[in-house]
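Residue numbers (the working numbering), protein chains in the order written: chain W, 713 to 1295; chain U, 14 to 303. Below is one structure, written out as structure tokens; comments come after it.
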């Protein structure tokens, strides 16, 4: 009664959860394009897209991807054999257990009319599948907690997934072991299946089962004589053998039984088998009910992501479907960490400790952004920085075992974040090269805003540069600035500048403008002076810093050996540090 | 001759033809390449914001190549310049070196500074040598005028990168001449292509690119030749954007040196990725002598 009722409750939660999660696929919006598309339009586009794909040659692509990437997980195999083995063990073993053991009433006994869970091959197979899952779990635990792979991060969801599976598996094995030894289970079976045996026969059967089947009996103790065993075997064959194979075949449970034998009687009296049974099925129910909200939801979303990405293409597919696919991809992420292991910039975390640099962690942050959670300015800027600190090398997308197009996801998420209005200084680095190449995908005003905002934020507070007529004292005003230019040994060379202006004369940026000072603020030689005099306002406030193309003409040609380009680099570093320090 | 091939981020994502053509040509010239999967960003894009972070990224690559005990071939000039710079800083600044090595130690890596970082063109010129290349050229070009774009970060700062004479470089021109093409003189040949500020200040970036393109064209070039991922994307993809955004057509197609050399060595145009350039260059095959 409790078994069925609790199952129905959990099934209901699971069903509602599934509906809720699927609804988010059509409701959540990632990226600027997705803002315009209504949920209903996305539902219709999805149905239309699926139907059209299924009745076209693309169906064959789907079939191939389903077999190779979904069932056999070739993408993961290509990445790492051990991880492939881990996952195939967990998912393969668990699926087989689910079909053969958990759903035996609906599947196994229909396919095999003389099915009994205690009969071979089913008894053996159950343990075989179990050991496969446990092997997979052991690899997972080893990889996550012992091996300590750099850049691989383990979060609460990963813990949960391993724990819930481990509880299900371990309780199952212990249940089997305790039932093998259980005298009360033995008695129940005797009552149910033996046809009116006499005292002698019963005793012999008990002796036979104690010796051969691992039952721990409170009444009798070996060694038993051959006659008793012979009679026991006869009764056994008459009443039990037909639906009970030797428990040695259930090697996990039998091994457990051997281990707990000395305390088996006590455990049986304490009703351990019953407790373990509750634990086992309740853990399964919990796993089921929580599935849509846990990382286990990937068992639905990941195949969809693989299939959708195999037949969709940014240029041709309906934007409504792309918007939907990107939300599915957030659920498809298994937090396996492949992207972070292969990320081109992950190591920079050692210097810039922002977790969002790791693609696998950024994924979780983007989920929070997309679900409409209220985020503080600091959180948004953190995610924005992580998302921008990306060289767009596509490696994450190439290696993702579930085929997520991370590259497009980053692009869309980045643009959405940049429009929230907080300055991001990384836009003033060559990391923007990719954004420039992609600008046809962004509205012109949206494209410019972050660039203007970052420059404005950096120049704010440096008023001196705007008041051109104000005389400047030619004495060292701020020692910290001129002595602070020392991140690299190059930068202190500005002090030997004697003002010949060669740097400015050879600068291609200066040469590009008729009135360079109006546009650039200070020219290179003036910036060297400002640095020498420690005039922060002038050094940090000028546009020249961010328009420098770092071609090193100035530095190469300086007769005094001033490392002008390197000084400009260093001033840029300092300007940003200073801004961040001021908050 | 065995080298680790450093591709950086742009090439595998946006310029696959540079990788395939370089591999094809280096293979023909007997250069053995090792691929190190763990290579990461060269650090160049981060220099504006955090020198230490960019040096860390850069040096990790050097330490990886050191672990394999091989020198590095770099295809991109910005990457080349950054790696050279990081190598230089690590040798000059011992306290930074210690800090960076501490961070790398977590992965069991260490920078000792005993490998060489070489740009692809240097490999051709110094390691393979003109004679060996000449031997492999089966179909030299005829009447083809090439404008060589040297690329700032390979040339300067010369005391660090030590690629060629920064004022009057010749390596690239000599390499082009080997293929039978004529390397023309043009005034803007040592100037910046504008790529470092593309995405930051597009107008400035496009101005600089346009100046170079029109100067090369005025000087009689049929094609512009480059050997850097940033420069090439600038002269290819961004040139296309210039014509759509500004309505000005320079139509000076750019070809990567590995593609130019490969064609004259008889490598198939598919392996050289001739069709992958945004501004078509397949017509260059018409200049090949049969």
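In this text, a Cβ means the ideal position worked out from N, Cα and C, and glycines have one as well.
Where does the unbroken alpha helix (DSSP H) through residue i begin, and where does it stop?
i                       : result
residue 1125 of chain W : 1118 to 1130
residue 45 of chain U   : Residue 45 of chain U -> not in any alpha helix (DSSP H); beta strand (DSSP E) instead, spanning 45 to 47.
residue 973 of chain W  : Where residue 973 of chain W is concerned, there is no enclosing alpha helix (DSSP H), given that its DSSP letter is neither H nor E.
residue 1285 of chain W : 1276 to 1294
residue 875 of chain W  : 868 to 893
residue 239 of chain U  : Element bounds for residue 239 of chain U: not the alpha helix (DSSP H) but the beta strand (DSSP E), 236 to 239.
residue 1110 of chain W : 1107 to 1111
residue 86 of chain U   : Note, residue 86 of chain U: premise wrong, no alpha helix (DSSP H); beta strand (DSSP E) at 84 to 87.
residue 254 of chain U  : 252 to 259
residue 944 of chain W  : 938 to 951
residue 1152 of chain W : Residue 1152 of chain W -> no alpha helix (DSSP H), and no H or E assigned at all.
residue 756 of chain W  : 751 to 766
residue 1070 of chain W : Per DSSP, residue 1070 of chain W belongs to no alpha helix (DSSP H) and is neither H nor E.
residue 1091 of chain W : 1089 to 1100
Who are the neighbours of residue i on chain W, taking C-beta pairs under 9 Å?
i                      : result
residue 276 of chain U : Here the premise fails: no neighbours, minimum Cβ distance about 26 Å.
residue 119 of chain U : 862 and 1062
residue 116 of chain U : 1059, 1062 and 1063
Strictly below 9 Å CB to CB, what residues from chain U border residue i?
i                       : result
residue 1258 of chain W : 61, 210, 213 and 214
residue 1071 of chain W : Neighbours of residue 1071 of chain W on chain U: none; closest Cβ ~13 Å, over 9 Å.
residue 1228 of chain W : Per Cβ cutoff of 9 Å: no residues; residue 1228 of chain W is ~11 Å from chain U at best.
residue 818 of chain W  : In chain order: nothing, as chain U lies at least about 46 Å away.
residue 1142 of chain W : 57, 58, 59, 60, 61, 91, 208, 209, 210, 211, 212, 213 and 243
residue 1106 of chain W : 22, 25, 26 and 27
Counting along the chain, where does the beta strand (DSSP E) carrying residue i start and finish?
i                      : result
residue 244 of chain U : From DSSP, residue 244 of chain U is part of no beta strand (DSSP E) but of the alpha helix (DSSP H) over 242 to 246.
residue 1 of chain U   : Summary: the structure shown does not reach residue 1 of chain U, with chain U confined to residues 14 through 303, and so no result is reported for it.
residue 742 of chain W : That residue, residue 742 of chain W, is in no beta strand (DSSP E); it is neither H nor E in DSSP.
residue 294 of chain U : Careful: residue 294 of chain U lies outside any beta strand (DSSP E) and carries neither H nor E.
Rounding to the nearest angstrom, what Cα-Cα distance links residue i and residue j in this structure?
i                       : j                       : result
residue 51 of chain U   : residue 1060 of chain W : 14 Å
residue 990 of chain W  : residue 1029 of chain W : 49 Å
residue 1131 of chain W : residue 1161 of chain W : 8 Å
residue 90 of chain U   : residue 222 of chain U  : 17 Å
residue 292 of chain U  : residue 1113 of chain W : 34 Å
residue 693 of chain W  : residue 18 of chain U   : The shown model of chain W, from 713 to 1295, leaves out residue 693 of chain W, and the question about it has no answer.
residue 1257 of chain W : residue 1270 of chain W : 18 Å
residue 142 of chain U  : residue 189 of chain U  : 13 Å
residue 273 of chain U  : residue 161 of chain U  : 11 Å
residue 832 of chain W  : residue 800 of chain W  : 24 Å
residue 971 of chain W  : residue 1047 of chain W : 37 Å
residue 1149 of chain W : residue 876 of chain W  : 46 Å
residue 779 of chain W  : residue 1275 of chain W : 59 Å
residue 1152 of chain W : residue 215 of chain U  : 13 Å
Using a C-beta to C-beta distance shorter than 8 Å, which residues of chain W count as neighbours of residue i?
i                      : result
residue 250 of chain U : 1149
residue 171 of chain U : 1268
By the criterion of Cβ-Cβ separation under 8 Å, what are the contact partners of residue i in chain U?
i                       : result
residue 1282 of chain W : 64
residue 866 of chain W  : Residues of chain U passing the Cβ test: none, with the nearest at roughly 17 Å.
residue 859 of chain W  : Those do not exist, as residue 859 of chain W stays about 13 Å from chain U at its closest Cβ, beyond 8 Å.
Give the interface partners of residue i over in chain W, defined as CB-CB distance under 7 Å, in chain order.
i                      : result
residue 220 of chain U : 1224
residue 205 of chain U : 1220, 1261 and 1263
residue 217 of chain U : 1221, 1224 and 1259
Residue i versus chain U: which residues are under 7 Å apart at the beta carbon?
i                       : result
residue 777 of chain W  : Those within 7 Å of residue 777 of chain W in chain U number zero; the least Cβ separation is about 23 Å.
residue 1095 of chain W : Result: empty, since nearest Cβ-Cβ is about 17 Å, beyond 7 Å.
residue 1059 of chain W : 53, 69, 70 and 73
residue 1056 of chain W : 22, 53 and 54
residue 1206 of chain W : Those within 7 Å of residue 1206 of chain W in chain U number zero; the least Cβ separation is about 15 Å.
residue 1103 of chain W : 22, 54 and 58
Report the start-end ranges of each alpha helix (DSSP H) in the segment 1175 to 1243 of chain W that is 4 residues or longer and not cut off at the edges. Inside the segment 1175 to 1243 of chain W, DSSP marks whole alpha helix (DSSP H) runs of 4 or more residues at positions 1191 to 1196, 1214 to 1218, 1220 to 1223 and 1228 to 1232, from first to last along the chain.
In chain order, each alpha helix (DSSP H) run of at least 4 residues that lies wholly inside the segment 119 to 182 of chain U: With a minimum length of 4 residues, the unbroken runs of alpha helix (DSSP H) contained wholly in the segment 119 to 182 of chain U fall at 143 to 149, 165 to 168 and 171 to 174.
Which complete beta strand (DSSP E) runs does the segment 19 to 61 of chain U hold, if anything under 3 residues is left out? With a minimum length of 3 residues, the continuous beta strand (DSSP E) runs that stay inside the segment 19 to 61 of chain U are 45 to 47.
For a minimum of 4 consecutive residues, which ranges assigned as the alpha helix (DSSP H) are wholly contained in the segment 984 to 1068 of chain W? Counting whole runs of 4 or more residues, the segment 984 to 1068 of chain W contains the alpha helix (DSSP H) stretches 984 to 1002, 1010 to 1023, 1031 to 1044 and 1050 to 1054.
Please give me, in chain order, every unbroken run of the alpha helix (DSSP H) with length at least 4 that falls completely inside the segment 777 to 844 of chain W. Here the runs fully enclosed are 786 to 791, 793 to 809 and 820 to 823.
Selection of the segment 79 to 101 of chain U by Cβ proximity to chain W, strictly under 7 Å: Under the 7 Å Cβ criterion, the segment 79 to 101 of chain U contributes no residue.
What residue ranges within the segment 205 to 240 of chain U form continuous alpha helix (DSSP H) runs of no fewer than 4 residues, ordered along the chain? Within the segment 205 to 240 of chain U, the complete alpha helix (DSSP H) runs of at least 4 residues are 215 to 231.
Which residues, in chain order, does the segment 156 to 184 of chain U contribute to contact with chain W at a C-beta distance below 7 Å? Residues passing the 7 Å Cβ filter: 165, 169, 170, 171 and 179.
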